[in-house]
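Sequential numbering of the sequence shown, starting at 9, is according to my numbering.
The beta carbon of each residue, even a glycine, is placed where N, CA and C say it ideally should be.
As the structure is a prediction and not an experimental result, all values here were calculated from the model.
Note sheet for the following structure.
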Amino acid sequence: MYQSITIVGRLGRDPEMRYLPSGDPVTTFSVATDRVWTDRNGQRQRETTWFRVNVFGKSAETVNQYLSKGKMVLVEGRLVADPKTGGPRVYTRQDGTVAASFEIIANTVRFLSPREEGAAGAEESPEEIGVESGSDLPFS
9 MYQSITIVGR LGRDPEMRYL PSGDPVTTFS VATDRVWTDR NGQRQRETTW FRVNVFGKSA
69 ETVNQYLSKG KMVLVEGRLV ADPKTGGPRV YTRQDGTVAA SFEIIANTVR FLSPREEGAA
129 GAEESPEEIG VESGSDLPFS
């Protein structure tokens, strides 16, 4: 069986990199996707869905180095369900409202925002990074 998800959106905050006990890097960032439409009354509506993305290995280091809040990305990967519910992770926001977070383990991250002129290392910035198909991930 096979599962795949592709999203395009903007980073909601700067990526955060940490290291697993094995020493392997993992970078986490959030991506907001928007769906905009006009309802029957002619009012413009917007629905935002948030995804939490995890990237492992060398790709984690690259993502952490080149991405920042507001940058547009395309992420391909697989959804990770909450082990307790089988669905998205449900949590309570600081204002007391309930929200859900969808988690993705990335196979590919494509940088869609244009390179900033004059940015340090911009000429070296990759457009796409990916996890090799034979890579060992710490969990599946």
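Inset, instruction - Given a cut-off of 8 Å, decide if R118 and Q11 are closer than it, judged by their beta-carbon atoms. - result: Contact flag unset, no.
Inset, instruction - Sort T70, Y99, R54, P29 by Cα distance to F37 and report the nearest one. - result: Of T70, Y99, R54, P29, the residue nearest in Cα terms is T70.
Legend entry - Rounded separation between N49 and S67 - CA only: About 46 Å.
Legend entry - Cβ neighbours of R52 in the same chain (closer than 6 Å, five flanking residues each side left out): Around R52: T46.
Legend entry - Same chain, Cβ closer than 6 Å to T14, five either side skipped, listed in chain order: Taken in chain order, the residues that qualify are E84.
Inset, instruction - Report all residues from its chain with a CB closer than 6 Å to the CB of M80; omit the five preceding and five following residues, and keep chain order. - result: Excluding its 5 nearest sequence neighbours in each direction, M80 has C-beta neighbours in its own chain below 6 Å: R18, L120, S121, listed in chain order.
Inset, instruction - Specify the secondary structure class of Y10 as computed by DSSP and reduced to three states. - result: Three-state result, Y10: coil.
Legend entry - Closest residue to M25 among P96, V16, R54, F64 (Cα-Cα distance): Selected option, being the one with the closest Cα: F64.
Inset, instruction - Keeping to the same chain, check which residues put their C-beta closer than 7 Å to that of Y99; ignore five residues upstream and five downstream. - result: A107, S109.
Inset, instruction - Reducing DSSP to helix, strand and coil, say where Q51 ends up. - result: Coil, per DSSP.
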